[in-house]
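Read the structure below first, then the notes.
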Amino acid sequence: MLLKRVIALEGEKVELRNGKLFIDGRGIEEPYVRYPSAWNLSPRQVDKDCIYVVGDNRSMPIDDHHFGQASKSRIMGVPLW
Amino acid sequence: MVKVKYLCIAALMVILGIVIAITVFPSEEKRVKKQFRLLSGWVSKSTEENAITMLRRMKDIGSLFDAHCELKVPDQPLSGSYTREEISTYAGSARSQVSQLDLKFYDLQVVFPEKEVAKVTLTARLTGRSTAGERTDETRELECLLRKIEKKWLFSQIEVIEVLKK
């Protein structure tokens, strides 16, 4: 089981520019990210019935991090607090 | 009173019979899961393993597979069909490059889509250390197909499921 943060919903365009998250071209503040990164991810649209997830720990190189699009049916639960 | 005593004995005999039947004749699901336990044990390697055990394990691993087993790994050149002997050889070669290895399977869900075919969805975690001291820690979702051949459940397809698509 993976514990990840949902950063984009179906139909939204997700992008990372020098570590900063953009959803549909709009910059998003992410105060929960403890170790800011310099990740770059070209824009991509989240498919129908899918979500886009990334972990909060982004201290490693982007290629070493497990993140991306997953089917909504894979969501097992939400945090209690 | 005597009648009650006989009834109690009969009920005990029935319960005992059921327990024995379950133990001696495990369900197909249990038989399928057992193959995963064997694979996990035989792939795993301790630092004390000697050459004889290593050779035996190679043979043991091969015995769990069908004559041909299909491996599907997204975006990897590893995908393809492998014979039982090739699997034994590759497993031996891979195990020789690590000083310690631990393979664990979690959350096994077994269904029988057709007669003598089992489809198992599970999470596999492989941890270990290479002979050069490099650490490995990989977790993947797998979908496996096992076929019952001559009363033995054998792996005939292993697919690595892409959970997150970048």
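First to last, the sequence lines map onto chains C and V. The first sequence begins at 41 in my numbering and counts up by one. The second sequence begins at -6 in my numbering and counts up by one. All C-beta atoms in this analysis are idealised placements derived from N, C-alpha and C, irrespective of residue type, glycine included.
- In the DSSP assignment, the residues bridged to V/Val103 are V/Val113.
- For the pair V/Leu101 and V/Phe29, the CB atoms are nearer than the 8 angstroms cut-off.
- Taken through DSSP and simplified to helix, strand or coil, V/Trp146 comes out as strand.
- Of all residues in the segment 92 to 111 of chain C, the ones placed with a Cβ closer than 8 angstroms to any Cβ belonging to chain V are Val93, His106, Phe107, Gly108, Gln109 and Ala110, in chain order.
- Sixteen is the threshold: when 16 or more other Cβ atoms of the shown chains lie within 10 Å of the Cβ of V/Ser81, as they do, the residue is buried.
- Non-local beta-carbon contacts of V/Lys141 in its own chain, meaning distances under 7 angstroms to residues more than five positions away in sequence, involve Glu109 in chain order.
- A contact is defined here as three or more CB-CB pairs under 8 angstroms, and the segment 44 to 63 of chain V fails this definition with respect to the segment 111 to 121 of chain V.
- Flagged as an interface residue toward chain V: C/Arg114, by a C-beta distance shorter than 8 angstroms.
- Shown here, V/Ile80 sits in a helix according to DSSP, grouped into three states.
- Of the candidates C/Arg66, C/Leu61, C/Lys112 and C/Gly51, the residue whose Cα lies closest to the Cα of C/Val73 is C/Leu61.
- With respect to the C-alpha of V/Gly85, the residue from V/Glu131, V/Asp68, V/Lys145 and V/Ile54 having the closest C-alpha is V/Ile54.
- Assigned with DSSP and collapsed to three states, V/Leu31 falls in helix.
- Look at V/Arg118 here: in three-state DSSP terms it is strand.
- For V/Leu48, the enclosing alpha helix (DSSP H) covers residues Ala44 to Ser56.
- Against chain C, a Cβ distance below 9 angstroms from V/Val156 picks out Leu42, His106, Gly108, Ala110, Ser111 and Arg114.
- Here the segment 77 to 95 of chain C makes contact with the segment 48 to 68 of chain C; the two share three or more CB pairs at distances below 8 angstroms.
- DSSP lists V/Glu152 as the bridge partner or partners of V/Lys65.
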